[in-house]
Each structure stands twice: as C-alpha cells, then as structure tokens.
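**Student:**
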Amino acid sequence: MSPGKNEIKSIDPATLEMIEKAAQEGVPNAFERAERISPCPIGADGNCCSICAMGPCRVPLPRAREETPEEKKRRRGVCGATAETIAARNFVRKIAAGTASHGDHGRVMAKLFLDIAEGKAPGYQIKDEQKLLSLALDLGVKIGDRSNEEIAVDLGKLLVNEFGKQEGELLFLKRAPLKRQEIWRKWGIAPRGIDIEVAEAMHRTHMGTDQEYHDLLNFGSKVGLADGWGGSMIGTEIQDIIFGTPAPLLSQINLGVLKEDEVNIIIHGHEPQLAEMLAVASQEPEMIAYAKSKGAKGINLAGMCCTANEMLMRHGVPIAGNFLQQELAIVTGAVEAMVVDVQCIMQGLADTANCYHTKVITTDARAKIQGAVHMQFDEHHAIESARAIVRAAVDNFVNRGSNVRIPNHKADMIAGFSHETINYLLGGMFRASYRPLNDNIINGRIRGVAGVVGCNNPRTIHDQGNLLMVKELIKNDVLVLQTGCMAMASGKAGLMVPEAAAEFAGPGLASVCEAVGIPPVLHVGACIDNSRLLIAATAMVKDGGLGDDISDLPVAGAAPEWMSEKAIAIGQYFVSSGVFTVFGTTWPTVGSKEATEFLFKDMEQMYGGMWAFEPDPVKAAHMMIDHIDKKRKALGIDKARERVLYDMAMRRELEAV
Amino acid sequence: MTYQLEKKSAPGRDEVEVLGPTFEEGKPEDDEMGRWRQKIASRADRLKYLETAERYWYGKEWYGSEKRKTPA
Numbered sequence: 001m002s003p004g005k006n007e008i009k010s011i012d013p014a015t016l017e018m019i020e021k022a023a024q025e026g027v028p029n030a031f032e033r034a035e036r037i038s039p040c041p042i043g044a045d046g047n048c049c050s051i052c053a054m055g056p057c058r059v060p061l062p063r064a065r066e067e068t069p070e071e072k073k074r075r076r077g078v079c080g081a082t083a084e085t086i087a088a089r090n091f092v093r094k095i096a097a098g099t100a101s102h103g104d105h106g107r108v109m110a111k112l113f114l115d116i117a118e119g120k121a122p123g124y125q126i127k128d129e130q131k132l133l134s135l136a137l138d139l140g141v142k143i144g145d146r147s148n149e150e151i152a153v154d155l156g157k158l159l160v161n162e163f164g165k166q167e168g169e170l171l172f173l174k175r176a177p178l179k180r181q182e183i184w185r186k187w188g189i190a191p192r193g194i195d196i197e198v199a200e201a202m203h204r205t206h207m208g209t210d211q212e213y214h215d216l217l218n219f220g221s222k223v224g225l226a227d228g229w230g231g232s233m234i235g236t237e238i239q240d241i242i243f244g245t246p247a248p249l250l251s252q253i254n255l256g257v258l259k260e261d262e263v264n265i266i267i268h269g270h271e272p273q274l275a276e277m278l279a280v281a282s283q284e285p286e287m288i289a290y291a292k293s294k295g296a297k298g299i300n301l302a303g304m305c306c307t308a309n310e311m312l313m314r315h316g317v318p319i320a321g322n323f324l325q326q327e328l329a330i331v332t333g334a335v336e337a338m339v340v341d342v343q344c345i346m347q348g349l350a351d352t353a354n355c356y357h358t359k360v361i362t363t364d365a366r367a368k369i370q371g372a373v374h375m376q377f378d379e380h381h382a383i384e385s386a387r388a389i390v391r392a393a394v395d396n397f398v399n400r401g402s403n404v405r406i407p408n409h410k411a412d413m414i415a416g417f418s419h420e421t422i423n424y425l426l427g428g429m430f431r432a433s434y435r436p437l438n439d440n441i442i443n444g445r446i447r448g449v450a451g452v453v454g455c456n457n458p459r460t461i462h463d464q465g466n467l468l469m470v471k472e473l474i475k476n477d478v479l480v481l482q483t484g485c486m487a488m489a490s491g492k493a494g495l496m497v498p499e500a501a502a503e504f505a506g507p508g509l510a511s512v513c514e515a516v517g518i519p520p521v522l523h524v525g526a527c528i529d530n531s532r533l534l535i536a537a538t539a540m541v542k543d544g545g546l547g548d549d550i551s552d553l554p555v556a557g558a559a560p561e562w563m564s565e566k567a568i569a570i571g572q573y574f575v576s577s578g579v580f581t582v583f584g585t586t587w588p589t590v591g592s593k594e595a596t597e598f599l600f601k602d603m604e605q606m607y608g609g610m611w612a613f614e615p616d617p618v619k620a621a622h623m624m625i626d627h628i629d630k631k632r633k634a635l636g637i638d639k640a641r642e643r644v645l646y647d648m649a650m651r652r653e654l655e656a657v
Numbered sequence: 658m659t660y661q662l663e664k665k666s667a668p669g670r671d672e673v674e675v676l677g678p679t680f681e682e683g684k685p686e687d688d689e690m691g692r693w694r695q696k697i698a699s700r701a702d703r704l705k706y707l708e709t710a711e712r713y714w715y716g717k718e719w720y721g722s723e724k725r726k727t728p729a
C-alpha cells in the first residue's frame, strides 16, 4: 500500500527535506508520481496476460469473497490459459529479465577481462592475483610459471563461453555443496549456460508453449540459478580480479556528502568500469586545477545505487543515496553531472535535471535517455572517456543556480565485507576460517544469519521496511548481511559501524561483534554481489557442524522494499539454493492460489527453500527468525547442552559403537 | 606521540592506567588500512593461502561437512 498524500514518504531526514524542496520548487519526482498513479491491481497480482494480441486478457480473482468452482473454470484468457499459467508465465519472465540484466553485466565484465588480458584495454590491470588464481583452480586453468595475463586469457575465454554454452552445466555450480548440486540435477534445473536459459524462458512463456505452471516455475529455478551461480557470480569474481576484492574501509553516506564549494559528480547505475576511471580522472592535478579555474575548490565524486556500492567498497567513495534518492540528489541544485551506466536509472532524471543546471550524462549504448546528453564510454580508451566526462561536469559548475540546499545529513559506515574478508577476519592470516561463526551459531550466541537485500519502492515508506526488519533481526541475535540499496538504508541509519552492536544487537550477537570488531550489519556489496552470499553460505556448510546443505543452515533471506525484476531473479536463486526468502511490498502471483502455493510450499519439498510474502517488516523478520529456529531444532542446536570433554577410554567406547 | 597516563579505579580491579586526554579516536585514516590481501606478496604464498584459508574449495585434505562414506 502506498503512503497516502499526507503520510510520511521516508524515514530518512535528508530525503524528506529534498521532497519538501522539490514540492516548493515544483520539481517532478518518483514520490509525487507514485501518489498520482495507483498500481494496476490486476497486473500487480499477476492476473494480466499481454503476451499476444488476442488480449491483453485480465483474469482477476473476485474481491473480498471466495471464488466459486464455476468462476474458477471461466477464469481463463482467450487462448484458454488459466490464471495459474498466466501468473507463472509472468513470474518466469521477471526471472528471465533479472537474469538477463545481471548476465549482461557479467558478460561485459568477462569481455573486458579478456581484453585486459590480451592488452586491448590499457587503462585497466589485474589487481587481485589471488582471486585470479582461485578462479584458475576452480576452472582447471594451468597456473605453473605462466604470467597473470596468460592465465587470464584462458580464464576469460572459459568465462565468456559460459554465456553462450549450449550443453553441460555452468562451471561455478561445482562450488556449491555436493548435496545441493545433486538436488539441482534431480529436478533438472542445473543451468547449461546463461543466455540459453533466458532464451528458453522467453520461448516457454510465448503464447501456446509451456502451459503447465509447475513446469514453468520449476524452469524458473533453472533461469534464476543461471543468474546467481552464473552471470552474477562471473560479474562479481571478475570485478574482484580487475578492481580488487573488497576489504573493510570507512566512508560516509547520504546527501550530506555533496559539497557546496566543489564540482559534484554523481556516478549512478551498476557497472563500475567507467566509475573506476572517473575516480582516477577526477583526482588528476590538471583536472583539479581546471575545476579551480572555474571557481570550484575541487571535484567531489559521490555514488548512487550499485555503482556506488562498487566504488564505496573498493575506494571509499561516499554514497549520496539509494534508489529513491536519485532525483533528490539533483534537487539539491548542487550536482553538476549525474553520470549513469545501466539499470535502475529513472527516466524521470531528465525532467528533474531540466529544473536545474545538472547534466544527465548517459554513457552506455544500451541505456540512453531522451533529454540526456550521451557521451559513449569506450573501455579501450577508458581514461580519455572519463576525462571528457569530468571536464563536461567541471564546465557546468559556472551554471549552478542560487537555489542550492544540501541536507546536513550523513553517517559513517564501514563497507567491504566480501566472503574472503569475512573468512580472514574470523581466523586471521594463519588460519582464516568460518569456524568461529559456526561455533557461535552452534553455541547460540548468534541465532542465525540473514541476507536482507533489494531495492527501494515508493509504494512503501522509503527505508522503513528495511530498518524495522534489520533492527528486529539483530535485536534477536541474527547477524545481517546486506547488499544493494538496502545496505545503504542501514548505512544511513548508523547500523554499519561496530558501535551499533552495543546499541542495537542482542547480547549474544553484540559479544561476538565486539570480539571480532565488526558491525552487526555487514555491507557485502552491490546487488550483483548477492553471489557472495551464496559463497558465504557454502563456506558455512563446508566448514561443518551445520548440516551438509545450504537448506540445513539457520539462515534466511529478505527483500522488504523490492521493486525490480532483478530482485525476483535473486529471490528465485536464493530459494532454489535452499534459502527461505520473504519479500515485502507486493507479491506478483497472488492472483493464482495454486501458483503461489507452489512457490510458498511445494518448493520447500523440492529444493529445501521457499518463498514467502509479508508486507509488515517486523512480522516478516519473525517469519525469518521462526525459520532459523526451525533449522536450529533440526540440527539439534536449539538447546544448550552440557559440554563433555572425552578422554581416551570414552573415545574408544564411541569408536566401538 | 607522548601519552599521558592517568590512574583510575575500575570495578573488580584496584587501579588501572588509562590514556585520558591523549586517547586517540579509532577511526582509520591510512588508505591502506584494512587492505589485508596486500600482505601476501608472492604467488607461492597466495597459492598456499588459498589451500589453507579457502580450504573448503582448494584444500587437499579438507572435507568438512562433506567427508561422507557414501558420496552424494
């Protein structure tokens, strides 16, 4: 349900201040558009089929009463498609779109990686040899005395091939627990390649093809896995090799990171290859001198959405805000350029920018916006492209108007908790390990682990769902790992600093956080980095003591403020990997009880994980805690047990049994 | 920096020495702070680290939860 006209739109003071400024200045933005446009109730429930020209066919459930068997029989499209088929097709198309988006991101990275290895992209280099070597070991690429570039050429070819592969299984599936791999094979959902699963999803959901909703939704798992263990994982791993594996660093977040006396450039989107170069170009002495010649004191780079997460966790570039703050950053009147790449970029930016001096600069041939300036980024001449963009931003400083107001709100946050870093932090250089985490789960200090991820959505109060959920989880001793725009919401609220453990976490979790020196809420990366959560969960399984599959772990996932198709793809690969996953805001299959039942119940029997929907974030947190407790009970770690130190006689007795 | 130590009483202990006015805030300022991976310098050390630290995937003797009599 959207916040009403007179209801609060956000719990973030910087956002509220800019919504107010936008209203005073008559500037359009997503918050006011959401107020004017009601979501289509039939489409929201997955009851609208628009895949052929005999429709669109609408097959809504009766409101406020049970459907009769006769009504159910008649609730079909012109072709005879049932509400189940229609809901399942719509759902699978969302998974396919999300997988295609992450996959395309991963593909660009794989091709760039190959170009770097072959010396065709001189602005970049292989920064993390260790990650390169780990992938070589994973994929069976010979290491020996070969140079990093030689290894990278072989790796790059293998990874590029994953997108177009027609047979076999994705190479990264081998990283999963053995039992999980068997479950995927049993249900026929081990992806062959990445593009092939997306293409088959579009074919299966075409008019008159797959019209069995169980089959469609089961195939949806195959497509989702091609994202999590395919496109997303390739993207994350290659970015780590090229730009460095994230390690903890301190930075700041919220609109208050913008600077009144400097040229402000916002980098927005998801793919970091341009932003990496902008970070270099904007700090070159010649460029700073050029900014000073225009009356600015310097150049301030700040991030928005997941490009921001990438730059934050590798370079400490501050974040101006999450998804719903993109237009509001322009409303400050202090942004010279909003430089965008791909995904989650609102077309409304161009309209908002028209009210100020801000230049919206599109940089990717796949993502242009009418009314924006297009400056194509060329990875083969990366630094030159970046310099041209920075120069355009600096030139725009003199056009800044008098209506500048930067909210005085920003918070410290620590980011960069990659799987590798968590492993290192828990055991040190000599014996990096997940053992301390597993031990503290077994002894009950940590109840379980939750991944709270996803977007913002103006149909809910901005950032509120996330904060209520995360605070409830950590209060109940659940360690929270976050990515994407939800990580930013927690960062703004001060949950991503070690001090937050004493203030917000339960006593068990707080004691562990204090001992290790970590916040109770860990920033793991961008939305493509949800693949890091799969690897972390796998490490927990493989370390031992918590079962032999991801579905045995006391873990849960959530996206309380989701809006994008990528979130559905992520949710599907979490569930298909064995994780209970609850979404808030709205649920796109409620128009079919049977299709929803499959996702919410049957999937648990098949894959060990299932979906749930609960718009109340505190109730949703308790669904996650209940699931964690259910898993703890199944593992036999729900009660404190007396510890017995076995002597040799007792050991011999045990072995004899 | 020369630290100034002050003596204070502490619960459960008689007297402790604390830094008092010369206490430094714990915010990292060095760019390299937290960048632990750079500590491993050579390829041999990196491979060794992978074998031990990332033993779940690359260890020669590690089985963890997956040491099973009957393979899955």
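In the order they appear, the protein sequences are chains Z and A.
Anchor point for the first sequence: position 322 equals 322 in our numbering, and the numbering is continuous, going up by one each time.
Each number in our numbering corresponds to the 1-based position in the second sequence with 657 added.
Glycine is no exception: its CB is placed at the ideal position from the N, C-alpha and C atoms.
Report the option in Z/L468, Z/A365 and Z/P519 whose CA atom is closest to the CA atom of Z/D412.
**Tutor:** In the first sequence, residue 412 of chain Z corresponds to position 412, counting from 1. Minimum Cα distance to Z/D412 is reached at Z/P519.
**Student:** Is the shortest distance between the beta-carbon of A/G716 and the beta-carbons of chain Z less than 7 Å?
**Tutor:** Position 59 of the second sequence, counting from 1, holds the residue named residue 716 of chain A. With 7 Å as the cut-off, A/G716 does not count as an interface residue toward chain Z.
**Student:** May I ask which residues mark the beginning and end of the beta strand (DSSP E) holding Z/M304?
**Tutor:** Here residue 304 of chain Z refers to the residue found at position 304 of the first sequence. Element bounds for Z/M304: I299 to M304.
**Student:** Smallest Cα separation from Z/H206: which of Z/E565, Z/C79 and Z/H374?
**Tutor:** If you number the first sequence from 1, residue 206 of chain Z lands on position 206. For Z/H206, the nearest C-alpha among the options comes from Z/C79.
**Student:** Helix, strand or coil, according to DSSP, for Z/I11 in the structure here?
**Tutor:** The residue you call residue 11 of chain Z lines up with position 11 of the first sequence. Residue state, collapsed to three classes: coil.
**Student:** Would Z/I461 be called buried (16 or more neighbouring beta carbons within 10 Å of its own) or exposed?
**Tutor:** Here residue 461 of chain Z refers to the residue found at position 461 of the first sequence. Z/I461 should be labelled buried.
**Student:** Mind checking A/A729: buried by the 16 CB within 10 Å criterion, or exposed?
**Tutor:** On the second sequence, residue 729 of chain A is found 72 positions in, with the first residue counted as 1. Low local confidence applies: a pLDDT of 49 at A/A729 is under 50, so the model's placement there is unreliable, with the coordinate-based value given in what follows. Label assigned to A/A729: exposed.
**Student:** Is there a Cβ from chain Z that is less than 7 Å from the Cβ of A/A729?
**Tutor:** Within the second sequence, the letter at position 72 stands for residue 729 of chain A. Confidence is the limiting factor: at A/A729 the pLDDT is only 49, short of 50, which leaves the residue's position unreliable and the question unanswerable from this model.
**Student:** Does DSSP put A/S630 in a helix, in a strand, or in coil?
**Tutor:** No information on residue 630 of chain A is available, as it lies outside the stretch 658 to 729 that chain A covers here.
**Student:** With H, G and I counted as helix, E and B as strand and the rest as coil, what does DSSP make of Z/V453?
**Tutor:** By one-based count along the first sequence, residue 453 of chain Z stands at place 453. Coil at Z/V453, not helix or strand.
**Student:** Would A/E708 count as contacting chain Z if we go by Cβ distances under 7 Å?
**Tutor:** Walking along the second sequence from the start, residue 708 of chain A turns up at place 51. Not an interface residue.
**Student:** Any chance the stretch 176-183 of chain Z sits against the stretch 548-563 of chain Z, with 3 or more Cβ pairs inside 8 Å?
**Tutor:** Flag = yes, the stretch 176-183 of chain Z and the stretch 548-563 of chain Z touch.
**Student:** Considering Cα atoms alone, identify which of Z/A559, Z/V478 and Z/P554 is closest to Z/V521.
**Tutor:** The residue you call residue 521 of chain Z lines up with position 521 of the first sequence. Comparing Cα positions, the closest option is Z/V478.
**Student:** For the beta strand (DSSP E) containing Z/G220, name the first residue and the last one.
**Tutor:** In the first sequence, residue 220 of chain Z corresponds to position 220, counting from 1. Per DSSP, Z/G220 belongs to no beta strand (DSSP E); it is in the alpha helix (DSSP H), Y213 to A226.
**Student:** Mind checking the stretch 229-254 of chain Z against chain A and listing, in chain order, the residues whose C-beta falls within less than 7 Å of any C-beta there?
**Tutor:** Result list: T245, A247, P248, L249 and L250.
**Student:** In chain order, which alpha helix (DSSP H) runs of at least 4 residues are fully inside the stretch 145-190 of chain Z?
**Tutor:** Within the stretch 145-190 of chain Z, the complete alpha helix (DSSP H) runs of at least 4 residues are 148-164 and 178-186.
**Student:** Answer with buried or exposed for Z/G491, where buried requires no fewer than 16 other C-beta atoms within 10 angstroms of its C-beta.
**Tutor:** In the first sequence, counting from the first residue as 1, residue 491 of chain Z sits at position 491. Buried: at least 16 other Cβ atoms inside 10 Å.
**Student:** Alpha carbon to alpha carbon, what distance is there between Z/P69 and Z/L255?
**Tutor:** By one-based count along the first sequence, residue 255 of chain Z stands at place 255. By one-based count along the first sequence, residue 69 of chain Z stands at place 69. Each residue's alpha carbon lies about 54 Å from the other.
**Student:** Please confirm if Z/K127 has its CB atom under 7 Å from at least one CB of chain A.
**Tutor:** Reading the first sequence from its first residue, position 127 is the one you call residue 127 of chain Z. No, its Cβ sits nowhere closer than 7 Å to a Cβ of chain A.
**Student:** Do we get a CB-CB distance below 7 Å when we pair A/S666 with the residues of chain Z?
**Tutor:** Here the question's residue 666 of chain A lines up with position 9 in the second sequence. A/S666 does not count as touching chain Z.
**Student:** Are the C-beta of Z/Q283 and some C-beta of chain A separated by less than 7 Å?
**Tutor:** Within the first sequence, residue 283 of chain Z is the residue found at index 283, counting from 1. Not closer than 7 Å to any Cβ of chain A, the Cβ of Z/Q283 fails to qualify, so no.
**Student:** Between A/S722 and chain Z, is the shortest Cβ-Cβ distance under 7 Å, so that the two count as touching?
**Tutor:** Within the second sequence, residue 722 of chain A is the residue found at index 65, counting from 1. Yes, A/S722 lies at the interface with chain Z (some Cβ there is under 7 Å from its Cβ).
**Student:** Against Z/R175, what residues of chain A qualify as contacts under a CB-to-CB distance less than 8 Å, listed in chain order?
**Tutor:** Here residue 175 of chain Z refers to the residue found at position 175 of the first sequence. By Cβ distance, chain A contributes W714.
**Student:** From Z/S658 to Z/T245, what distance separates their C-alpha atoms?
**Tutor:** Here chain Z comprises residues numbered 1 to 657, so residue 658 of chain Z is not present and cannot be evaluated.
**Student:** According to DSSP, simplified to helix, strand and coil, what is Z/E358?
**Tutor:** The residue labelled residue 358 of chain Z in the question sits at position 358 within the first sequence. This sequence places Thr at residue 358 of chain Z; Glu is not what is there. Here Z/T358 sits in coil by DSSP.
**Student:** Taking the C-alpha atoms as reference points, what is the distance between Z/H203 and Z/D378?
**Tutor:** As a position in the first sequence, residue 203 of chain Z is number 203, starting the count at 1. As a position in the first sequence, residue 378 of chain Z is number 378, starting the count at 1. Rounded to the nearest angstrom, the two C-alpha atoms are 34 Å apart.
**Student:** Looking at chain A, is there any beta carbon in it that lies within less than 7 Å of the beta carbon of Z/K222?
**Tutor:** Along the first sequence, read from residue 1 onward, the residue named residue 222 of chain Z stands at position 222. No, Z/K222 does not count as interfacial toward chain A.
**Student:** Residues of chain B with CB under 7 Å from A/K696, in chain order?
**Tutor:** Judged by its chain identifiers, the structure shown contains no chain B, and its protein chains are Z and A.
**Student:** Assign Z/F91 to buried or exposed, taking buried as 16 or more other Cβ atoms, counted over all protein chains shown, within 10 Å of its Cβ.
**Tutor:** Along the first sequence, read from residue 1 onward, the residue named residue 91 of chain Z stands at position 91. So Z/F91 ends up on the buried side.
**Student:** Are any of the Cβ atoms in chain A nearer than 7 Å to that of Z/V280?
**Tutor:** Indexing the first sequence from 1 puts residue 280 of chain Z at position 280. Not one chain A Cβ lies under 7 Å of Z/V280.
**Student:** Rounded to whole angstroms, what is the Cα-Cα separation between A/A667 and A/E674?
**Tutor:** The sequence position of residue 667 of chain A within the second sequence is 10, counting from 1. The sequence position of residue 674 of chain A within the second sequence is 17, counting from 1. Roughly 10 Å separates the two Cα atoms.
**Student:** Helix, strand or coil: how does DSSP classify Z/T352 here?
**Tutor:** Start at 1 with the first residue of the first sequence, and residue 352 of chain Z comes out as number 352. Three-state result, Z/T352: helix.
**Student:** Strictly below 9 Å CB to CB, what residues from chain A border Z/Y424?
**Tutor:** Taking the first residue of the first sequence as 1, we reach residue 424 of chain Z at position 424. Simply W693, R694 and A710.
**Student:** A/R670 CB to nearest chain Z CB: under 7 Å?
**Tutor:** Looking up residue 670 of chain A in the second sequence gives position 13. A/R670 does not count as touching chain Z.
**Student:** What is the rounded straight-line gap between the Cα of Z/G525 and the Cα of Z/K157?
**Tutor:** Counting from 1 along the first sequence, the entry for residue 525 of chain Z is found at position 525. Counting from 1 along the first sequence, the entry for residue 157 of chain Z is found at position 157. Near 26 Å, if we compare the C-alpha coordinates of Z/K157 and Z/G525.
**Student:** What alpha helix (DSSP H) runs, 4 residues minimum, are completely inside the stretch 588-644 of chain Z?
**Tutor:** If we require 4 residues or more, the alpha helix (DSSP H) runs fully inside the stretch 588-644 of chain Z come out as 593-597, 603-607 and 617-635.
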